[in-house]
Structures are given as structure tokens and as C-alpha cells.
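So the structure is just underneath, and the comments pick up after that.
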Amino acid sequence: MITTLNLRRVQPDIAWRNRGVDGEMARRRCWTWKRSVSAVGWLAGWLGVGLVLGGCQDRGYTFATTATYDVPALGFRMEIDAVGTVSPGHDLSMDGKVKGVLSLLGEPETARVTFQTFYAPTNLGSEQVLRFVAGTNQPIDRPWGGTYSVDSLDRMLRWGGITNVMPAVLEEVKNAIEGATLGPKSTATASSAHVIVVSAKPTFRR
21 MITTLNLRRV
31 QPDIAWRNRG
41 VDGEMARRRC
51 WTWKRSVSAV
61 GWLAGWLGVG
71 LVLGGCQDRG
81 YTFATTATYD
91 VPALGFRMEI
101 DAVGTVSPGH
111 DLSMDGKVKG
121 VLSLLGEPET
131 ARVTFQTFYA
141 PTNLGSEQVL
151 RFVAGTNQPI
161 DRPWGGTYSV
171 DSLDRMLRWG
181 GITNVMPAVL
191 EEVKNAIEGA
201 TLGPKSTATA
211 SSAHVIVVSA
221 KPTFRR
């Protein structure tokens, strides 16, 4: 493109000579014009690079995860759906929440407990809430997150009739729930000692 433009400007040099304009002055004008074109091309190139790099910057994303976990040691299956957002520059979500169903392994179609976690201002001492319903009972709210999670999970399982609870198993179940709410990078997709991954499908959209 620049070569074509320069050729177009060479012809006026001859015209200026014919009009008595000094040839050296004509060449200087032509050189000044060519430098201007080169500068514009250089600037346009850098602007293009900037736009490409800007488009590649981390803009964060939203995610939705569906997973099913079996816990043979306690005899139940847990099906969960987690959603949330991961902010730009971060690996984990700060607003993830989950809905889930617990059923006995021999009765997968019958829900023993339904539950959900969410962020909400409460007087429970935590920023998150675990709300669960066992059978036809009224919903129960328990604190969730950090040191609260294991105790609240234990309460929920016992309300659902799962009483042979072991601390090591509780910890792994809690990790599976919290991992899904933190986003795809933290979702359990491989089985652990006590939690068997039946399926785990994290999806996300930027």
C-alpha cells in the first residue's frame, strides 16, 4: 500500500520542475509526505496489536456444574447443580451456590434430603447459609463455609436418617459440595477414598 502511494507522489516532482519549482524542495516535500505515511502505518499497527491483546485479556466467566457423587460408606447418592461467576484475574468463585438432592443408593428416585447453599446476611455467624429440608419437615438453616460446614453437613445427614457418619467421610463430602461452588477448576472430577464420581460436567461461558 505504501509503495503505491509513493509512486503516485513521484509524478508531481516532475511537474514542479516544469513549473520552475526547485527539484530539491520537491524531493523534500515528497520525503516528508512519505515519512508521515510511514508514521501512520506504524501507529495503526500498534493500535491493531493493542486491540488484539485487549481482546485476549481475562474477562472472567460464569459457570454451571452438574455432578453426581456416590458415598458408599454412608449409603447415599448426592446430585448437585452449582452456579456462580469467576471474576477477571481469579481462579475461584466468590459467589458460587449449589442445589442438591440426597437419596439412598438403593432408592435413587426417592429424595431423603434436598438442600441449597447461598450467600445472605444472617445472624448465624457466617456469610453463607445451608438450607435443607428432610422429608416433610420445615426448612432448616445452618451456617455454611469454613469451620461451620462439617458440623452443618453432619446435622443435615442425620436429619435425613443417615446416622453412621464418620469424620473422614464428612470432610470429603463437604469438599465435593464446596469445590463445585468454587468453579470448574475446583470441581471434583476424580473419585477420592470415600466419594465416587458418577458424573461431573462443569461448563462455563465468558
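The opening position of the sequence shown corresponds to residue 21 in the working numbering, with each subsequent residue numbered one higher.
Even glycine gets a Cβ: it sits at the ideal position worked out from N, Cα and C.
Item	Value
Output the distance between the C-alpha atoms of Thr130 and Arg162, rounded to the nearest integer angstrom.	23 Å
Can you tell me whether Thr86 is helix, strand or coil according to DSSP?	strand
Under 8 Å by Cβ, that's how I've got Gly165 and Glu147 pegged, so tell me the actual separation to the nearest angstrom.	6 Å
Expressed to the nearest angstrom, what Euclidean distance is found between the alpha-carbon atoms of Trp53 and Tyr81?	In this prediction, Trp53 scores a pLDDT of 41, lower than 50, which makes its location untrustworthy; no coordinate-derived value is stated.
For Asn157 and Leu150, I'd like the C-alpha separation in whole angstroms.	15 Å
Kindly identify the DSSP beta-bridge partner or partners of Leu122.	Met98 and Val133
Apply the 10 Å Cβ neighbour rule to Gly116 and answer buried if 16 or more other Cβ atoms are within range, or exposed otherwise.	buried
Does the beta-carbon distance from Phe138 to Leu122 come in below 8 Å?	no
Measuring only the C-alpha atoms, how far is Ala220 from Thr85?	7 Å
Please report how far the alpha carbon of Pro204 lies from the alpha carbon of Phe83, in whole angstroms.	7 Å
In the DSSP assignment, what are the bridge partners of Val91?	Phe96
Can the beta-carbon of Val153 be found closer than 8 Å to that of Val133?	yes
Does Val72 pass the burial test, meaning 16 or more other C-beta atoms within 10 Å, or should it be called exposed?	With a pLDDT of 42 at Val72, under the threshold of 50, the modelled position of this residue cannot be trusted; read the value that follows with caution. Answer is exposed; the Cβ neighbour count stays below 16.
When you compare each of Ala93, Thr88 and Ala102 to Pro187 by their alpha carbons, which one comes out closest?	Ala93
Grab me the residues of Leu144's own chain with a C-beta within less than 6 Å of its C-beta, minus the 5 sequence neighbours each way, in chain order.	Pro163
Since Gly199 and Ala208 are thought to touch, with beta carbons under 8 Å apart, how far apart are those beta carbons, to the nearest angstrom?	5 Å
Less than 8 Å between the beta carbons of Val193 and Val215, yes or no?	yes
Can you tell me whether Gly109 is buried or exposed? The criterion is at least 16 other CB atoms within 10 Å of its CB, across all chains shown.	exposed
Can you list, in chain order, the residues of its chain whose CB lies under 7 Å from that of Pro222, leaving out five sequence neighbours each side?	Phe83, Thr85, Pro204 and Thr207
Taking DSSP as the reference, what is the three-state secondary structure of Ile160?	strand
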